[in-house]
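Presented below is the structure to which this report refers.
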Amino acid sequence: VVPEIMIPLIGHPNELRFVRQQLEVVAEKIVHESKVSVKYMFGTMIEIPRACLVADQIAEIAEFFSYGTNDLTQTIFGFSRDDAQAKFLHVYLQKGILKDDPFQVLDRDGVGEMMRIGTKLGKKTRPDLEVGICGEHGGDPESVKFCAKLGLTYVSCSPKRLPVARLAAAQVLSARSRPRHPQQGVSQAQAQDTGVPRAGGRPLPDPSHPYP
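So this is what it looks like as structure tokens:
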């Protein structure tokens, strides 16, 4: 097990660079005192639109990204999640202003597009960058499928949503592993894709047994 240290609400690479420098000082001190070396990964949550747009710079410092989709939705829509859900979001849904609650189903055109940009930029700098999401969207099957299309490899959500998240991720794995029709000119080996999502940060179970 490799511990992962994740810093939230980063909007500028210099913020993350400063925090990492402080962390490394503390880590070196602990290693020296305990005489035990522990390998760890250093990453950040992507929760601010600016972070998505400068993700290539952030990836120079971070070894993994976790999209905090709850806060990213808030900052992109300009909504307070608590206020919106308590005061006016139901009106938006009733009148058809919004099709879905963006805090339950990932907004693909806005939030999803920012995630696509951030992932593309981050992997341009660091091809082995691990990218996933953390938030209630991790428990929504359609959101999980969309994240898989972006190349994300794990989802994290509240415990009550974990069984649904694991099932949705397993369904994506099953669909990707299924050979395409020969007339499409794609071999079974080509149809295989190892970039499958994991739920709760753990490798997926066999799709026929999605629950732990």
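Number 79 in the working numbering belongs to position 81 of the sequence shown; there are no gaps in the numbering. Where is the CB? At the ideal position from N, CA and C, for every residue including glycine.
Per DSSP, which one or two residues make a beta bridge with Ser64? Here residue 64 refers to the residue found at position 66 of the sequence shown. Answer is Met43 and Gly130.
So, Met113 versus Ile131, is the Cβ gap smaller than 9 Å? Against the sequence shown, residue 113 aligns to sequence position 115. Against the sequence shown, residue 131 aligns to sequence position 133. In contact: Met113 and Ile131 (Cβ atoms closer than 9 Å).
Out of Ile28, Val24 and Val142, which one is the CA nearest neighbour of Ala166? Mapped onto the sequence shown, residue 166 falls at position 168. Checked all of Ile28, Val24 and Val142; the closest Cα to Ala166 is Val142.
Might you give, ordered along the chain, the residues of its own chain that have their beta carbon closer than 7 Å to the beta carbon of Arg79, omitting 5 neighbours on each side? In the sequence shown, residue 79 corresponds to position 81, counting from 1. Cβ within range, chain order: Asn68, Gln72 and Phe101.
Checking 9 Å against the spacing of the C-beta atoms, do Phe86 and Leu127 come in under that value? Residue 86 sits at position 88 when you count from the first residue of the sequence shown. Residue 127 sits at position 129 when you count from the first residue of the sequence shown. Against a cut-off of 9 Å, the Cβ pair of Leu127 and Phe86 comes out as no contact.
Please report the Cβ distance between Ile115 and Leu21, rounded to the nearest whole angstrom; I am assuming they are in contact, meaning their Cβ atoms lie under 8 Å. Here residue 115 is taken as the residue at index 117 of the sequence shown, counted from 1. Here residue 21 is taken as the residue at index 23 of the sequence shown, counted from 1. So it is not a contact: roughly 27 Å between Cβ atoms.
What whole-angstrom Cβ distance do Phe40 and Ala57 have, given they're in contact under 8 Å? In the sequence shown, residue 40 corresponds to position 42, counting from 1. In the sequence shown, residue 57 corresponds to position 59, counting from 1. At roughly 12 Å, the Cβ-Cβ gap does not stay under 8 Å, so Phe40 and Ala57 are not in contact.
Is it buried or exposed for His88, if we count other Cβ within 10 angstroms and need 16 for buried? If you number the sequence shown from 1, residue 88 lands on position 90. Classification for His88: exposed.
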